[in-house]
Amino acid sequence: MQSGAYDPVDLERIDPARNMARFYRLSVQPTLFGEQSVIRSWGRIGTQGRSMMVTYASEGDAVKACKKLLCSKVARGYLCLNDVEKS
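Spelled out as structure tokens, the structure:
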């Protein structure tokens, strides 16, 4: 994979007993100014949801933050919909 290009990670948490159907998406993308940004989108499945972008000075910092968010969501019961390296 080339530097600065990562596939988005899609997560879902569905619990019919609690009327819960949520999605969460994480991606690391380069900015126009040479920095890296973590873009996260979340909301109820079937809606547009919300988005947030946080910019980091280096690619390593952005990937580290993305992995931390991913681990946090998996610990809360979200299931990963695509293959992600466990490193």
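If you're matching positions, the sequence shown starts at 1 in the UniProt record's numbering and goes up one per residue.
We put the beta carbon where it would ideally sit given N, CA and C, even for glycine.
What you are looking at is a predicted structure, and each value in this text was computed from that prediction instead of being measured.
In the DSSP assignment, L69 falls within the unbroken alpha helix (DSSP H) covering E59 to A75. For P30, the secondary structure class from DSSP, reduced to helix, strand or coil, is strand. Cβ-Cβ distances below 7 Å link E35 to T55, Y56 and A57 in the same chain, with the five nearest sequence neighbours on each side left out; the list follows chain order. E12: member of the beta strand (DSSP E) spanning V9 to D15, first to last residue. Relative to the Cα of R40, the nearest Cα in the group G77, K68 and D83 belongs to K68. S37 is the residue among R18, S37 and L32 whose C-alpha sits nearest the C-alpha of L26. When the beta-carbon positions are compared, A62 and V9 stay at least 8 Å from each other.
Taking the Cα positions, Y78 is about 17 Å away from G46.
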